[in-house]
Each structure stands twice: as C-alpha cells, then as structure tokens.
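In the numbering used here, the protein residues as written are 7 to 96.
A virtual CB, placed ideally from N, CA and C, is assigned to each residue, including glycine.
Heads up, the thing below is written out as structure tokens.
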Amino acid sequence: MTLREIASQLLSLTTDRAVDGTVYTTSGLRQYFSKNLIDNDRLLVTVNLPDGTWKCLISRFRPNDPQGYDYTLPETRAEEACIISLAEAL
C-alpha cells in the first residue's frame with residue numbers, strides 16, 4: 007500500500023478524521039506519516055473509532071518502494087497490547 011492509501015483508509019474509519027489528536031486531510035496525514043517514517047520503519051498512532059480509541063501501527067516493509075507500507079489496526083485489546091509492545095521494542 008502507499009501512504010496515501012493508508013491515510014485515506016484510516017481517515018474513513020475514524021469518527022473525527024483525527025490521528026494523534028490532530029484533524030487531517032488525506033494529503034496532510036500522508037505527509038505526517040512520511041515525515042515520521044523517515045528514520046523509522048514503524049509508527050504507532052492513535053485513532054478514534056466508533057468503538058473507542060485504538061493504537062494503529064504503520065509499517066514500512068520495503069525500503070525505497072512507495073507501495074512498501076501497510077498498517078495494522080487491532081481487533082481486540084489483546085492485539086493492541088501486542089502492537090504497542092512491538093512498537094516500543096523497536
């Protein structure tokens with residue numbers, strides 16, 4: 007996936023179009039992801055979904071490939087805890 011695709015999908019899922027407490031357009035969120043993934047392969051963000059506030063992990067798995075990104079949005083709090091642990095370990 008591209009960062010634009012991820013930004014678009016995440017914003018369509020949120021209740022307030024906000025990530026990490028800031029309201030974004032798709033383009034603005036793509037830029038936020040790009041800026042924060044320059045030196046890292048993973049970025050942990052907070053999104054407000056209809057069933058509560060969740061952590062989401064944005065990952066780069068193919069360096070230098072504009073389609074080399076993906077995101078993980080947990081379905082349970084146990085999955086979310088694993089995602090948080092993974093992000094903090096790196």
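Alpha carbons only, please: which of the options is nearest the one belonging to residue i?
{"i": "Cys62", "options": "Ser91, Thr32, Thr31", "result": "Ser91"}
{"i": "Asn54", "options": "Leu79, Ala87, Glu85", "result": "Leu79"}
Starting from residue i, trace the alpha helix (DSSP H) in both directions and tell me its first and last residue.
{"i": "Arg10", "result": "9-19"}
{"i": "Leu92", "result": "83-95"}
Under the DSSP definition of a beta bridge, which residues are partnered with residue i?
{"i": "Cys62", "result": "Val51"}
{"i": "Ala24", "result": "Val29"}
Only counting the same chain, and skipping five residues up and downstream in sequence, which positions put a Cβ closer than 8 Å to that of residue i?
{"i": "Thr32", "result": "Arg10, Ala13, Ser14, Leu17"}
{"i": "Arg48", "result": "Leu63, Ile64, Ser65, Arg66, Leu92, Ala93, Leu96"}
{"i": "Ala24", "result": "Tyr30, Val53, Asn54"}
Ignore the nearest five residues each way along the sequence and tell me which others in residue i's own chain have a CB closer than 7 Å to its CB.
{"i": "Arg68", "result": "Gly74"}
Since residue i and residue j are thought to touch, with beta carbons under 8 Å apart, how far apart are those beta carbons, to the nearest angstrom?
{"i": "Leu50", "j": "Ala93", "result": "4 Å"}
In terms of residue numbering, what span does the beta strand (DSSP E) encompassing residue i cover?
{"i": "Asp76", "result": "75-78"}
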